[in-house]
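Each remark here refers to the structure printed beneath this line.
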Amino acid sequence: MSFLIISGNVFGQTTVDTTYIESYREKMSITGFVSTNSVEIKKDHAYYKPNYPMNVGLDFAIKNTVIDLELAYGIAPLRKKEYGKTQSFDFQVHHYGRYFVLDLFYQNYKGFYQENPEIKLYPNMLVRQIGAEGTYIFNGDKFSAKAAFEQSEKQLKTASSFVLSGGIYFDKVAFDKDLPISDQDRIQSLLLGSSVGYAYSLPINERWLISGIATGGINAGNDTELLQKVKIRAYPTAFARGSAGYHKSDWAAAFSFLINSKSLSGLQGNTLNLTSINMQLSYVKHFNSFFRKRKL
33 MSFLIISGNV FGQTTVDTTY IESYREKMSI TGFVSTNSVE IKKDHAYYKP
83 NYPMNVGLDF AIKNTVIDLE LAYGIAPLRK KEYGKTQSFD FQVHHYGRYF
133 VLDLFYQNYK GFYQENPEIK LYPNMLVRQI GAEGTYIFNG DKFSAKAAFE
183 QSEKQLKTAS SFVLSGGIYF DKVAFDKDLP ISDQDRIQSL LLGSSVGYAY
233 SLPINERWLI SGIATGGINA GNDTELLQKV KIRAYPTAFA RGSAGYHKSD
283 WAAAFSFLIN SKSLSGLQGN TLNLTSINMQ LSYVKHFNSF FRKRKL
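Quick look at the structure:
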């Protein structure tokens, strides 16, 4: 499965402390990457996971424009046939601005398994998540989310910042008839929440950079049927992302991850945990032209 993402610097130009952040001189960049996207459910001490694929893709961006195109394709499930078959569509946008980070999710997974220790399949189990989350970085003129997660800048000195996040999510979990996880056949929740956290980047030397952003907070909401009766509950939520990158004069390589976890509750008060997990290994090449100029 392939998908196309178009995003860009829609927040305009802002001032930067150049003693902390340095831009690449090149006008364009191309990124090759391998990644995995997944969701998992935790109920008590049991985990239910999809047999998700490995993705390969390319990204092309032109600096200081709205042009940022990404194409990815799932090549093969990571697990053997014994773990069942999962039908999945996972579309995400992660935009890293100077002071603002935007995350958009549309995730749809059908077909899960449980390994405890024998493998049990739940082919009709479904998870659908639609959500949006925004994060404000108070010290964005010194802490570069672009250097940490896009490798489109360089973090020259250690920087940190408090962050404030807000999000809205619609989550649906449809249970397999053989799954003794709930007395009902589905959970369908609408959640609105806010979180606070911290961002930190540590340049180990002029090449290596380790960065992370973590937030924790509360979601308010409930099953959609209970919301119609104005019954609202509070649930914990946590969002963490991190990266380790190696930067050179015109290229960079990095490993990054994203973990987004929240609690859900159904009509019968059954509570479970839903977690979205992304991991990516990428190589970024910065350049000015597709063609080398000939020497006269």
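For what it's worth, this note's numbering labels the leading residue of the sequence shown as 33, then goes sequentially.
Just so it is clear, CB atoms sit at the ideal spot from N, CA and C, and this is done for glycine as well.
- Residue pairing from DSSP places PRO109 in a beta bridge opposite PRO85.
- The criterion of a C-beta distance shorter than 8 Å is satisfied by ALA276 and ALA286.
- For ASN171, same chain residues with a beta-carbon under 6 Å away, outside a window of 5 residues either side, are SER193 in chain order.
- If you look at LEU188, you'll find it isn't in any alpha helix (DSSP H); DSSP assigns it neither H nor E.
- Exclusion of the five residues before and after ARG111 leaves ASN83 as the residues of its chain whose Cβ lies within less than 6 Å of its Cβ.
- The Cβ neighbour count for ILE94, taken over all protein chains shown within 10 Å, is under 16; the residue is labelled exposed.
- When the beta-carbon positions are compared, TYR278 and ALA284 come within less than 8 Å of each other.
- TYR128 carries a strand assignment under DSSP once its states are collapsed to helix, strand and coil.
- With contact defined as three or more Cβ pairs closer than 8 Å, the region 224-235 and the region 179-194 are in contact.
- For the 8 Å CB-CB criterion, LYS317 and SER61 form a contact.
- Counting of Cβ neighbours within 10 angstroms places ASN320 among the exposed residues, the total staying below 16.
- In the structure shown, the three-state DSSP call for TYR115 is helix.
- In terms of Cα proximity to ASP135, the closest of ALA252, ALA104, THR303, GLY198 is GLY198.
- Straight-line spacing of the CA atoms in THR68 and TYR105 works out to 11 Å.
- The Cβ atoms of LYS117 and GLY143 lie closer than 8 Å to each other.
- Residue range 151-169 is occupied by the beta strand (DSSP E) that includes GLU165.
- Counting the other CB atoms within 10 Å of its CB gives ASN292 a total of 16 or more, which places it among the buried residues.
- Out of LEU103, LYS75, LYS152, the CA that lies nearest to the CA of VAL125 is found in LEU103.
- Taken in chain order, the whole beta strand (DSSP E) runs of length 3 or more contained in the region 276-324 are 283-297, 303-319.
- Selection ASP91, GLU257, ALA246, TYR141 evaluated against PRO155 yields TYR141 as nearest (Cα-Cα).
- If you check the CB distance, LEU223 and ASN251 come in under 8 Å.
- C-alpha of GLU58 to C-alpha of ASP282: approximately 8 Å in a straight line.
- In this structure, GLY64 places its C-beta atom within 8 Å of the C-beta atom of SER314.
- GLN139 sits buried, since 16 or more C-beta atoms from the chains shown fall within 10 Å of its C-beta.
- By the neighbour-count criterion, in which 16 or more other beta carbons inside 10 Å mark a residue as buried, THR97 falls on the exposed side.
- With a cutoff of 8 Å on beta-carbon distance, ALA246 and ALA206 are scored as not near each other.
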